[in-house]
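Written out below as structure tokens is the structure these notes cover.
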Amino acid sequence: MLNGLRPETPGRYVDRLSEETTVNGRGMTDYDLPAAPHERTPLLVRRCLAYVCACLRKAREQFGDSRVRAYVSLSYADTDEGLLTSNVTFCTPLADVRPYIPGLEQVRDAAVAEISAEDCRAWW
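Its first residue numbered 820, the sequence shown is counted upward by one per residue in our numbering.
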């Protein structure tokens, strides 16, 4: 999947994690969701979880990779509407590379979850 998203002329990246997250980080589609936070939030979260779990399951089944992690972030857009938005990025923790989000528990400007295939088993 990542090879299909890779640009024709690869750029220069600091490390493998930078390349991985640059190639695959995406905003979750939300243009069709209601603006009211009490309606929007559960729909957006459910959409993110469904997408993440489907991708993690496919990575495990097709490539035998159960180490890959999904990172889902929720934050308010810096626009007049200030709608809740979400981004999803996949990467594999590597021993010789800094974590995708160092100090994940200390993030204060967004809600961020690290999700593994094991976390999704309840929905399979």
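Built from N, CA and C at the ideal position, the CB exists for glycine as well.
Which word fits residue i, buried or exposed, when buried means at least 16 other C-beta atoms lie within 10 angstroms of its C-beta?
i	result
Y850	exposed
F909	buried
Report the CB separation of residue i from residue j in whole angstroms; it is logged as a contact under 8 Å.
i	j	result
A936	R879	5 Å
L852	L863	6 Å
Just the C-alpha distance for residue i and residue j, rounded to the nearest angstrom, thanks.
i	j	result
A855	L868	20 Å
A941	E900	35 Å
C939	D884	14 Å
V916	A873	26 Å
T828	V871	Caution is warranted here: a pLDDT of 49 is assigned to T828, below 50, making its placement in the model unreliable, and the coordinate value is therefore given only provisionally. Cα to Cα, the separation comes out at about 28 Å.
P861	T848	14 Å
P921	L913	13 Å
P826	F882	Interpretation of P826 is limited by its pLDDT of 49, a score under 50 that renders its predicted location unreliable; the figure taken from the coordinates is listed afterwards. Rounded to whole angstroms, P826 to F882 spans 22 Å at the Cα level.
T898	K877	35 Å
Among the options, whose alpha-carbon lies nearest the alpha-carbon of residue i?
i	options	result
Y890	D899, S905, R859 and F882	S905
E858	L903, C874 and I934	L903
N843	Q925, C939, G922 and T911	T911
V887	L863, P861 and Y919	Y919
E924	E933, V916 and R917	E933
G846	R917, G922, Q881 and V907	V907
Stretch-stretch touch, CB-based, cutoff 8 Å, three pairs: the stretch 925 to 932 with the stretch 888 to 897: Between the stretch 925 to 932 and the stretch 888 to 897, the count of C-beta pairs closer than 8 Å reaches three or more; the two stretches touch.
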